[in-house]
Amino acid sequence: ASLTPTYTLKAQPDLPPVVDVLQPRRDLQAPPEARVAIEARATDDFGVSQVALTYAMSGGPRQDIVLPADPAPAAGTPILDGTFRHVVDLVALGAEAGDVVSYFVTARDNREPEPQSARSAVYFIEVRPEIKPEEAPGGGQQKEVDTSGLIAELKRLLRSTWDVSSLAPPDRAAPAADVARGLRDLQTEMQRRLTRALGVVGALVPPPMDLLQAAGEEVGRAAVLIGRLLVDDALPPQERALAKLVALETE
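Numbering (our numbering), first residue to last: 1365 to 1615.
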């Protein structure tokens, strides 16, 4: 009697997708008329179903743009490893000097019934005017405060807030408390620098130093919100604070 062939079936785990921004892969400073090319790569063991760019400007509404694969795959062919591109037109966004665009890329796979998803790192585009060497500022009231360190710390806290947002609600309490503590420390440092600067420029808070005061108030609001585990609500005030600090540097 003839024997039927023996086949072995091996179950493969369905892993979540992986997505990364390839270009520019770092924070940028760009003039208001710039067009910023973004290139991302997404991979999945069984196929990527959707890749999207998520962005917001200076704490405004968050927007999602679905990105097509480039090149497009043949019909019916799953995307196991794809490149996705988009150009952020700052003019079309109405960006002005001092605005900040935050963005990241997400990918979903084709698992049923619930797809798995992944997010890239968060990046920032600081909108700044192009300054010619002969137009470089030679100092002034706003130069009494070095905001570069404040900007770097606020970006770190914003990225940490996004990391907390990606966690399941039961796992958010401890990391959210860490972010809230960092925000309170940053607000204290902002107030300290403002007080020191006011000792030079006077008792009132004149422009553009009022931007530092307003940024500190926004950071304080964010600390209260994330302390209450209102994680998503804590993002816009941080982004508004970041834009105010960048605007202060552009003055």
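Just so you know, even glycine gets a beta-carbon here, dropped at the ideal spot from N, CA and C.
Everything numeric in this text was worked out from a predicted model, so none of it was measured.
- Counting C-beta atoms within 10 angstroms of its own C-beta, residue 1408 has 16 or more neighbours from the protein chains shown and is therefore classed as buried.
- Beta-bridge analysis with DSSP links residue 1468 to 1418.
- Around residue 1584, the same chain offers 1551 as residues with beta carbons nearer than 6 Å, after the five sequence neighbours per side are excluded.
- The alpha carbon of residue 1453 has as its nearest neighbour, out of 1413, 1395 and 1416, the alpha carbon of 1395.
- The beta carbon of residue 1607 is closer than 7 Å to those of 1422, 1423, 1462, 1463 and 1464 in its chain, skipping five residues each way along the sequence.
- The C-beta separation of residue 1420 from residue 1429 comes to about 12 Å, leaving the pair out of contact by the 8 Å criterion.
- With respect to the C-alpha of residue 1581, the residue from 1411, 1515 and 1601 having the closest C-alpha is 1601.
- In chain order, 1406, 1407, 1408, 1471 and 1482 place their CB closer than 8 Å to the CB of residue 1382, counting only its own chain and leaving out the 5 sequence neighbours on each side.
- Note on geometry: alpha-carbon atoms of residue 1449 and residue 1475 lie some 24 Å from one another.
- Closest option to residue 1522, judged by alpha-carbon separation, among 1605, 1575, 1537 and 1576: 1605.
- The C-alpha of residue 1603 is placed about 9 Å away from the C-alpha of residue 1579.
- Boundaries of the alpha helix (DSSP H) around residue 1582: 1574-1591.
- Separation of the CB atoms of residue 1537 and residue 1594 is rounded to 13 Å, and the pair is thereby denied contact status at 8 Å.
- Where residue 1604 is concerned, the enclosing alpha helix (DSSP H) starts and stops at 1599-1614.
- Boundaries of the alpha helix (DSSP H) around residue 1524: 1512-1529.
- Per DSSP, reduced to three states, the secondary structure at residue 1446 is strand.
- Minimum Cα-Cα distance from residue 1387 among the listed residues 1375, 1403 and 1378 corresponds to 1403.
- In terms of CA proximity to residue 1492, 1459 leads the group 1484, 1459, 1515 and 1468.
- As DSSP reads the structure, residue 1373 sits in no beta bridge.
- When DSSP states are grouped into helix, strand and coil, residue 1476 belongs to the coil group.
- Under DSSP, residue 1384 shares a beta bridge with 1405.
- Beta-bridge analysis with DSSP links residue 1483 to 1470.
- Here residue 1557 is buried. Its C-beta has 16 or more other C-beta atoms within 10 Å.
- Going by beta carbons, residue 1609 and residue 1514 fall inside the 8 Å limit.
- Separation of residue 1418 and residue 1384 (C-alpha to C-alpha, rounded to the nearest whole angstrom) is 13 Å.
- Here residue 1473 is buried. Its C-beta has 16 or more other C-beta atoms within 10 Å.
- C-alpha of residue 1446 to C-alpha of residue 1588: approximately 41 Å in a straight line.
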